[in-house]
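Peer 1: Numbering (the UniProt record's numbering), first residue to last: 1 to 426.
For glycine and all other residues, C-beta sits at the position ideal for the given N, C-alpha and C.
Encoded structure:
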C-alpha cells in the first residue's frame with residue numbers, strides 16, 4: 001500500500017462527521033453561538049456576513065427544530081440558545097419556547113444579513129452586539145474552522161482556533177491519494193479500524209426511516225414508497241436505492257431534528273455516500289465487515305473526487321459522491337477494481353451537469369437522481385466489460401476526476417455567479 005494507513009483513517013474522520021440540519025445555515029448558527037459565548041449578556045443585535053456560496057446554500061433550507069428557513073432564524077437561534085461546544089450540532093435540543101423567542105428576535109429586525117465577494121467560498125463573519133460589548137467570530141475555509149474571535153475589538157482565544165478539517169498543516173491532503181490506493185486500503189486493511197464508519201449507516205438510516213414515515217419537504221422518498229405500500233419488501237432494488245436516499249434528504253431538508261453523518265461538510269452528500277450503499281448491502285444480506293469496507297470506499301472516494309474542486313460551487317456534489325458510491329456498490333456485488341472504476345466514469349458521464357442552486361427541499365430530488373444513477377452505473381459495470389473516452393470522460397478514472405475538477409473550478413465559475421444573481425433578485 002503506497003500511503004500510510006493512518007492517512008486514510010485521518011481523512012475519513014475529517015470528512016465523515018455528524019451534523020444536525022443543513023451544514024450551511026448551521027455554520028452561521030455555530031459562528032453566532034461562538035460569538036455569543038464571548039458576551040457577558042444576551043445579544044441585542046446581530047450582523048452576519050457570508051460568502052455568496054454560503055448565502056445560496058442557506059437561503060431556502062429549513063433550520064432543524066424551528067420550522068423556519070434561512071440564515072436569520074439560524075443565527076438568532078445560535079446566538080440566543082446555541083451550544084457552541086457541539087459545533088455542527090449546536091442547535092441540538094432547542095425548545096419551542098426558545099424558537100418562538102428567536103423568531104420574535106428576527107421579526108423585530110435585529111438580524112442583518114450581508115454577502116461578501118472578496119472571500120473564499122466558505123466564509124462567515126458573525127458580529128453580535130449586547131448592551132455593553134461587541135463580539136465577532138470569523139469562520140473561513142471549513143464549516144467549523146474559527147480563524148478569529150474578538151471581544152470589543154481585541155483578539156481572544158487564539159489558541160482555541162479549530163484547525164480541523166480545513167486547510168492547515170495537519171490536514172490530510174487527499175490529492176496524494178489515488179482511487180487504486182483508496183480501494184486497496186478499504187478492501188484490505190484491518191476491519192476493526194473501520195468499524196466507526198458504521199455510525200454513518202445508523203444515523204442516515206434513521207433519517208431515511210423518518211422521511212419515509214412523515215411528510216417532510218417534497219416527500220420524494222415517501223411518494224415512491226406509496227406505490228408499493230404498506231410493504232417495503234415489495235419495492236424493487238432499483239427503486240429502493242433512490243427512495244431510501246431521497247427520504248433521508250427529505251427529512252434533513254425538511255427540518256428534522258435527527259443528525260446526519262455528513263461527507264466533506266455536506267449532510268446530503270453524507271446521505272448520498274451512505275444510503276445507496278446501505279440499501280444494496282441490506283438487499284444482498286452482506287455482513288457488517290463488508291458493509292464497513294464499502295462505506296469506507298464510498299466516503300473516502302467521494303472526498304477524494306471532491307477535493308479537486310471548491311467545497312461550495314455551482315456543481316451538485318451528490319454527483320461526485322454517488323460516483324464513489326457506485327464503486328462501493330460494485331464491490332458489494334463482487335465486482336473487480338476495474339469495474340468499480342468504470343462505474344465511477346459512468347456516473348460522471350451521466351449526471352456531471354447537475355447544478356447546485358442552493359440547499360432546499362428539492363435537494364431530495366437530486367439525491368434520489370444521483371443514487372439512481374449510481375445503481376444504474378453499478379449494474380452496467382457488472383454486466384458490460386468496457387471503458388469509455390467520450391466528452392469529459394477519460395478511460396482513465398484519475399484523468400476523469402481531474403477533468404471534473406477543471407470543469408467545476410474554472411468552467412462553472414460564471415454559472416455560480418449567475419445562480420447567485422437569480423436567487424438574490426427573487
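Could you check how far apart the C-beta atoms of residue 129 and residue 44 are, in whole angstroms? I think they sit under 8 Å.
Peer 2: Locating residue 129 in the chain shown gives position 129, where the first residue counts as 1. Locating residue 44 in the chain shown gives position 44, where the first residue counts as 1. Yes, they are in contact, since the Cβ atoms of residue 129 and residue 44 sit about 6 Å apart, within 8 Å.
Peer 1: Quick one: residues in its chain with C-beta nearer than 6 Å to the C-beta of residue 349, no 5 flanking neighbours on either side, listed in chain order?
Peer 2: The count along the chain shown starts at 1 and reaches residue 349 at position 349. Contacts found: 393.
Peer 1: What separation, rounded to the nearest whole angstrom, lies between the Cα atoms of residue 390 and residue 344?
Peer 2: Stepping through the chain shown from its first residue, residue 390 is reached at position 390. Stepping through the chain shown from its first residue, residue 344 is reached at position 344. Spanning the two alpha carbons is a distance of roughly 14 Å.
Peer 1: Taking just the CA atoms, how far does residue 11 sit from residue 174?
Peer 2: The residue you call residue 174 lines up with position 174 of the chain shown. The residue you call residue 11 lines up with position 11 of the chain shown. One C-alpha to the other measures close to 7 Å.
Peer 1: For residue 285, count neighbouring C-beta atoms within 10 Å of its own C-beta (all shown protein chains included) and say buried if the count is 16 or more, exposed if not.
Peer 2: Mapped onto the chain shown, residue 285 falls at position 285. Its Cβ having fewer than 16 others within 10 Å, residue 285 is exposed.
Peer 1: Which term fits residue 153, buried or exposed, when burial requires 16 or more other beta carbons within 10 angstroms of its beta carbon?
Peer 2: Here residue 153 is taken as the residue at index 153 of the chain shown, counted from 1. Flag for residue 153 reads exposed.
Peer 1: Between the C-alpha atoms of residue 77 and residue 254, what's the straight-line distance to the nearest angstrom?
Peer 2: As a working note, residue 77 is residue 77 in the chain shown. As a working note, residue 254 is residue 254 in the chain shown. Roughly 17 Å between the two C-alpha positions.
Peer 1: If residue 79 sits next to residue 19, beta carbons under 8 Å apart, how far is it from one beta carbon to the other, in whole angstroms?
Peer 2: On the chain shown, position 79 is the one that residue 79 refers to. On the chain shown, position 19 is the one that residue 19 refers to. In fact, because the Cβ distance is near 19 Å, the residues do not count as touching under 8 Å.
Peer 1: Just to confirm my understanding: we take residue 259, look at its own chain, exclude 5 residues before and 5 after, and list those with CB closer than 7 Å. What are they?
Peer 2: Along the chain shown, read from residue 1 onward, the residue named residue 259 stands at position 259. The residues are 18, 19, 20, 89, 203.
Peer 1: By how many angstroms is the C-alpha of residue 177 removed from the C-alpha of residue 9?
Peer 2: Within the chain shown, residue 9 is the residue found at index 9, counting from 1. Within the chain shown, residue 177 is the residue found at index 177, counting from 1. The alpha-carbon atoms of residue 9 and residue 177 are separated by roughly 12 Å.
Peer 1: Taking its Cβ as the centre, do 16 or more other Cβ atoms sit within 10 Å of residue 69, making it buried, or is it exposed?
Peer 2: Numbered from 1 along the chain shown, position 69 holds the residue referred to as residue 69. The residue is buried, with at least 16 neighbouring Cβ atoms inside 10 Å.
Peer 1: Out of curiosity, what's the CA-to-CA distance linking residue 39 and residue 412?
Peer 2: Working through the chain shown from its first residue, we reach residue 39 at position 39. Working through the chain shown from its first residue, we reach residue 412 at position 412. Taking the straight line from one Cα to the other gives about 41 Å.
Peer 1: Does the stretch 325-342 come into contact with the stretch 232-239, if we say contact requires no fewer than three beta-carbon pairs (one atom in each stretch) closer than 8 Å?
Peer 2: Touching, no.
Peer 1: Does the Cβ of residue 14 have 16 or more other Cβ atoms within 10 Å, making it buried, or fewer, making it exposed?
Peer 2: Taking the first residue of the chain shown as position 1, residue 14 is located at position 14. Buried, by the Cβ-count rule.
Peer 1: Along the alpha helix (DSSP H) that carries residue 340, what are the first and last residues, could you check?
Peer 2: Locating residue 340 in the chain shown gives position 340, where the first residue counts as 1. 337-351 is the extent of the alpha helix (DSSP H) around residue 340.
Peer 1: Taking residue 420 as the reference, which of 33, 34, 57 has the closest Cα?
Peer 2: For the purposes of this step, residue 420 is taken as residue 420 along the chain shown, with counting starting at 1. Per the Cα distances, 57.
Peer 1: For residue 194, which residues in the same chain have their Cβ closer than 6 Å to its Cβ, ignoring the five residues on either side in sequence?
Peer 2: By one-based count along the chain shown, residue 194 stands at place 194. Closer than 6 Å at Cβ, skipping near neighbours: 292, 296.
Peer 1: Mark residue 230 as exposed unless 16 or more other C-beta atoms lie within 10 angstroms of its C-beta, in which case mark it buried.
Peer 2: Translated into the one-based positions of the chain shown, residue 230 becomes position 230. Result: exposed.
Peer 1: Quickly, what does DSSP pair residue 205 with across the bridge? List them, please.
Peer 2: In the chain shown, residue 205 corresponds to position 205, counting from 1. DSSP output for residue 205 lists no bridge partner at all.
Peer 1: Rounded C-beta distance between residue 306 and residue 264? I'm assuming under 8 Å.
Peer 2: Position 306 of the chain shown, counting from 1, holds the residue named residue 306. Position 264 of the chain shown, counting from 1, holds the residue named residue 264. Their Cβ separation, rounded to whole angstroms, is 5 Å, which keeps residue 306 and residue 264 in contact under 8 Å.
Peer 1: In the DSSP output, what is residue 135 paired with across the bridge?
Peer 2: Numbered from 1 along the chain shown, position 135 holds the residue referred to as residue 135. Note: residue 135 sits in a beta bridge opposite 128, 151.
Peer 1: Give the DSSP bridge partners of residue 115, in chain order.
Peer 2: As a working mapping, residue 115 is identified with position 115 in the chain shown. Its beta-bridge partners are 50.
Peer 1: Considering only their Cβ atoms, is the gap separating residue 275 from residue 339 smaller than 8 Å?
Peer 2: Within the chain shown, numbered from 1, the residue matching residue 339 stands at position 339. Within the chain shown, numbered from 1, the residue matching residue 275 stands at position 275. Against a cut-off of 8 Å, the Cβ pair of residue 275 and residue 339 comes out as no contact.
Peer 1: Identify which residue in 96, 218, 262, 228 has its Cα closest to the Cα of residue 472.
Peer 2: Shown here, the chain extends from 1 to 426; a query on residue 472 therefore has no answer.
Peer 1: To which residues does DSSP link residue 266 through a beta bridge?
Peer 2: Residue mapping note: residue 266 aligns to position 266 of the chain shown, counting from 1. Its beta-bridge partners are 263.
Peer 1: Between the alpha carbons of residue 360 and residue 199, how many angstroms are there, rounded?
Peer 2: Working through the chain shown from its first residue, we reach residue 360 at position 360. Working through the chain shown from its first residue, we reach residue 199 at position 199. Rounded to whole angstroms, residue 360 to residue 199 spans 25 Å at the Cα level.
Peer 1: Are residue 299 and residue 16 closer than 8 Å when you measure CB to CB?
Peer 2: Position 299 of the chain shown, counting from 1, holds the residue named residue 299. Position 16 of the chain shown, counting from 1, holds the residue named residue 16. Taking 8 Å as the Cβ cut-off, residue 299 and residue 16 qualify as a contacting pair.
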